[in-house]
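Have a look at the structure below, then the notes.
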Amino acid sequence: RADDTVVFNATSSRDAVGDSGFAGEVAMVLVDAGYSGRLTQDADLRVFDRFQIQGGSFDTAGMTLDVDGDWQGDVATIDASGSSLFIAGDFSQGAGGIFAGAAVTFDGAFSQSVDSASVLHDAIFDGAGTLSLSDDFRFSGDLQLVNPAIDFAGNSLVIDGIGTQRIDAGGA
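No gaps in the numbering here: position 69 of the sequence shown is 1287 in this note's numbering, and each next residue is one more.
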């Protein structure tokens, strides 16, 4: 339910699957550092507040993940390969993220900050406020700047892929 908080912690190491029978909306997803299992998404998921993964691993399995709050992926492994991700809050991701073929849209109604040690694939900046980079922004696919209000703060956009990448700065 949209008002539930899903918590995984050290009291369980079992794997879990959010299957197609799941309602698809929760208030928060909190995975503590003590959790050592694997969480697999088998249906689209909307998180109305915070998505925080500090332990175990999380696999979006090609599904859509829409986070209306902050994304915090610390040292945990997050595999978002082939998925569509929508992030409305701040985005902080450690080096454990796998975003091959994923499209990550930053679509916040207010300013957002991005601090990622992982290489994103396709990135779309479509928020209403300024997107502030706390580190170099690395991507391996295409970059679309729908709302090109970006505060680089001395950081760089780094194309970290092979083949052809496209940067579309056409705006809205």
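Backbone N, C-alpha and C fix where the C-beta goes; we use that ideal spot for every residue, glycine too. Nothing here was measured: the structure is a model prediction, and the numbers come from that model.
Val1337 is positioned such that its CB atom lies no closer than 8 Å to that of Ile1305.
In this model, Gly1381 and Ser1358 are separated by some 9 Å (Cα to Cα). In the DSSP assignment, Thr1323 falls within the beta strand (DSSP E) that extends over 1321-1324. In this structure, the alpha-carbon of Ser1302 lies about 5 Å from that of Thr1282. Here DSSP, grouped into helix, strand and coil, assigns Ser1329 to coil.
Note on geometry: alpha-carbon atoms of Ser1299 and Ile1342 lie some 16 Å from one another. The three-state reading of DSSP puts Met1246 in strand, counting E and B together. For the pair Gly1315 and Gly1347, the CB atoms are not nearer than the 8 Å cut-off. In the three-state DSSP reduction, Arg1232 falls in the coil class, being neither helix nor strand. Nearest to Ser1231 by C-alpha distance, out of Phe1269, Gly1274, Ala1261, Arg1356, is Gly1274.
Using a Cβ distance threshold of 8 Å, Gly1242 and Ile1271 do not count as a contacting pair.
Remark: C-beta atoms of Leu1351 and Asp1340 do not approach each other more closely than 8 Å. DSSP, reduced to helix, strand and coil, places Asp1386 within a strand of the structure shown.
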